[in-house]
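Presented below is the structure to which this report refers.
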Amino acid sequence: MKTLTHDVILERFLKFVSSNEDIKVVLMVGSRARQEKPADMWSDLDLVIFTENPDILIHNENWLTQLETPMITFIEKIFGDIGLERRVLFENGVDVDFAVFPIEKLQQFSDHTAVRNVLSKGVKVLADKGDYVSNLFKSAKNLDRAKENAGKIEMDVVKNMVNDFWYHSVLVAKKLRRGELLDAKVTCDVYMKNIIISFLKWSVMLKNEGNVEPWHGVRFFEEWADDKTLQSFQQIYAYYDKEDIWSALNQTMNLFHQLAVELYDLLYAEYPLEAEQYARTFVESDGNSTTERYF
Numbered sequence: 333m334k335t336l337t338h339d340v341i342l343e344r345f346l347k348f349v350s351s352n353e354d355i356k357v358v359l360m361v362g363s364r365a366r367q368e369k370p371a372d373m374w375s376d377l378d379l380v381i382f383t384e385n386p387d388i389l390i391h392n393e394n395w396l397t398q399l400e401t402p403m404i405t406f407i408e409k410i411f412g413d414i415g416l417e418r419r420v421l422f423e424n425g426v427d428v429d430f431a432v433f434p435i436e437k438l439q440q441f442s443d444h445t446a447v448r449n450v451l452s453k454g455v456k457v458l459a460d461k462g463d464y465v466s467n468l469f470k471s472a473k474n475l476d477r478a479k480e481n482a483g484k485i486e487m488d489v490v491k492n493m494v495n496d497f498w499y500h501s502v503l504v505a506k507k508l509r510r511g512e513l514l515d516a517k518v519t520c521d522v523y524m525k526n527i528i529i530s531f532l533k534w535s536v537m538l539k540n541e542g543n544v545e546p547w548h549g550v551r552f553f554e555e556w557a558d559d560k561t562l563q564s565f566q567q568i569y570a571y572y573d574k575e576d577i578w579s580a581l582n583q584t585m586n587l588f589h590q591l592a593v594e595l596y597d598l599l600y601a602e603y604p605l606e607a608e609q610y611a612r613t614f615v616e617s618d619g620n621s622t623t624e625r626y627f
C-alpha cells in the first residue's frame, strides 16, 4: 500500500479535477510553489481553486473521500476574509488547504494586496480549463513588493496607528483596574503586538532600502528581525496574572516608543508625542506602572 504523502493527495486531487467540469482553475501557492523558503517536512500543501460551484467543495465534505479519509477538517476565512478555505488533515500528518473561490472572482482575487504578496513568492498553475490565467499573474510574479511597499508608507496611516496603539494602552489599564485580566491580556498580547509588528516591518524595509522584505504575518520573524528586537520580545508577553500583565503592558509601551521614534526618524518626520504623554500619565496614575519616561 502506497504511503500517504502530499504528492499522493495532489495526484488524486488533480484526477478529481479532471473529471469535474465545474472546476476551472487550480493554483499551487505557498512553500511547495516557491524557491525561497521551499517546503520542508513540516510544510502543508496550499491549493487555490476557482470553480463554478464553490459550495460543493466548501460546505460538503463527501468529496474528500475520493482523495483519502480525512482525520480532521474545518472551514476558515482566508486572505483577509475575501474567501473561504477547507483545511484538511489526513493520515501521517498530511495537511492540505483548499482555498475555494467562484471563477468570476479570479481577477478580483489577483488584485488583492494580500493575495499578490503570496503569489509573488511563487505560484504554479496546475489546471487551467480555458486559458483563464495565462497573463493574469505576471505582475504578481515580477512585483518588487519590498520597494513598492516601502514607498507607500503614508504618514496619515502611521499617525493613526500611533494613536491606535496608545488608545489601547489606556484601554488595557482600564480593564486591568476593572479586573478583566483575560481581555486585558489579549488586547496587550495580540492587538497591540500587531501594531508593533507593522512598525517593525516598515523600519526593516526602510533601513534596507527595500532590499529586505519581511514575510506576511509573522512568518520567519526570527530571521528578519534583529537580535535586539528578538531579545525585547522575551519581555513583552504576559502570563495570566495581573501584575505580569501590567509588566507586559509597560514593556510593550516602551518597545513601541522606541520603534515609533525610529520609524519617524527614517521617514524624516517628528514623532507626535501628545498621545503617548496622555496614555502614559493615565497608565501610571495609580502606581502600577514602571514605564520609562520619554517626556
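Numbered by the numbering used here, the letters in the sequence shown go through residues 333 to 627 in order.
For glycine and all other residues, C-beta sits at the position ideal for the given N, C-alpha and C.
When the Cα atoms are used, what is the spatial distance from residue i to residue j?
| i | j | result |
| --- | --- | --- |
| residue 482 | residue 598 | In this predicted model, residue 482 has a pLDDT of only 42, less than 50, meaning its place in the structure is not dependable enough to derive any value. |
| residue 516 | residue 355 | 46 Å |
| residue 487 | residue 531 | 12 Å |
| residue 617 | residue 557 | 34 Å |
| residue 582 | residue 538 | 27 Å |
| residue 344 | residue 546 | 35 Å |
| residue 612 | residue 534 | 24 Å |
| residue 577 | residue 513 | 8 Å |
| residue 568 | residue 540 | 26 Å |
| residue 418 | residue 342 | 15 Å |
With DSSP collapsed to three states, give me the class of residue i.
| i | result |
| --- | --- |
| residue 484 | coil |
| residue 519 | helix |
| residue 339 | helix |
| residue 415 | strand |
| residue 573 | coil |
| residue 631 | Because the chain is modelled from 333 through 627, residue 631 falls outside the range shown and cannot be assessed. |
| residue 490 | helix |
| residue 427 | strand |
| residue 355 | strand |
What is the C-beta distance between residue i and residue j, in whole angstroms, given that I count them as a contact (C-beta under 8 Å)?
| i | j | result |
| --- | --- | --- |
| residue 348 | residue 398 | 5 Å |
| residue 607 | residue 504 | Not really, about 15 Å apart at Cβ, beyond 8 Å. |
| residue 490 | residue 595 | 7 Å |
| residue 431 | residue 380 | 5 Å |
Would you check if the distance between the CB atom of residue i and the CB atom of residue j is smaller than 8 Å?
| i | j | result |
| --- | --- | --- |
| residue 402 | residue 408 | no |
| residue 580 | residue 520 | yes |
| residue 357 | residue 438 | yes |
| residue 497 | residue 444 | no |
| residue 362 | residue 378 | yes |
| residue 518 | residue 615 | no |
| residue 456 | residue 360 | yes |
| residue 365 | residue 454 | yes |
| residue 463 | residue 427 | no |
Counting Cβ pairs, one atom from each stretch, are 3 or more of them under 8 Å apart for the segment 418 to 428 and the segment 437 to 457? Counting Cβ pairs under 8 Å, fewer than three are found: no touch.
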